[in-house]
Amino acid sequence: MTHAKDNFIAWLKSAHAMEEQSSAMLMAQTRRLENYPDLKARMMHHLEETRVHAADLQELLNRLSGAPSPLKDIAGRIAATVHGIPGMLVSDEVVKSAADAYAFEHLEIATYRTLLTAADELGEDEASAVLERILGEEIAMASWLEENLDPIARIFLMRDERDLQAKR
Ligand SMILES: [Fe+2]
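Just so you know, we're using our numbering here: the sequence shown kicks off at 128 and counts up by one.
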């Protein structure tokens, strides 16, 4: 199972970089939101969860291999910065941000499902428990966004129609 373990470690490192990227995106988005208090509160809550996810993954990596690759984390942060910019320059920023967040949560869900398969193959029960908890929080965030894309878009349209600040 040497290869399976190597793959598991590589996927954990990618997941760690993904969580760093998620943190950077959530920080940039929540900082700018003004007229969408529910979205802002939910994103801030998920930002806290995301920071814990990154720390949990780091702990798993430390146990399995040593520290996570700093290069991947830097790449993740750069990607997050680049990714966060286009959505902020558009007039419907909040709608784009919510859609981006919804898509990103699903990338995270797929990542944790794959990690859980590897953990199962390796009999890594301790890792499985951590990954299941994280997966549950990603699914909860994705579900919240799914339910709230409609009200967010409606508030945006209503505010924009009345010439109120709508984009954030
Ligand atoms: Fe997430």
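Note that CB positions come from ideal geometry on N, CA and C, so glycine has one too.
Check	Outcome
With 16 other Cβ atoms within 10 Å as the buried cut-off, status of V217	exposed
Cα-Cα separation between K167 and L160, rounded to whole angstroms	6 angstroms
Span of the alpha helix (DSSP H) around E175	P164 to L191
Nearest-angstrom Cα separation, counted from E235 out to F135	15 angstroms
T238: CB within 7 angstroms of a non-hydrogen atom of ligand 1	no
Own chain residues within Cβ distance below 7 angstroms of E265, not counting five before or after	E232, E235, I236 and Y239
Cβ-based neighbour list, A248, same chain, cut-off 7 angstroms, excluding 5 preceding and 5 following	What sits at residue 248 in the sequence shown is Glu, not Ala. Closer than 7 angstroms at the Cβ level, and outside the excluded window around E248, lie A131.
Through-space distance from P278 to N162, alpha-carbon basis	13 angstroms
Segment limits, alpha helix (DSSP H) that includes R260	D252 to E288
Pocket of ligand 1 (residues with CB nearer than 6 angstroms to any heavy atom), chain order	S149, H173, T177, E232, E235, E265 and M268
Exposed unless 16 or more other CB atoms sit within 10 angstroms - verdict on Q292	exposed
Proximal residues to L191 (C-beta, below 6 angstroms), its chain only, five neighbours per side dropped	I136
Contact check, I282 vs H180, beta carbons under 8 angstroms	no
D219 - DSSP class collapsed to helix/strand/coil	coil
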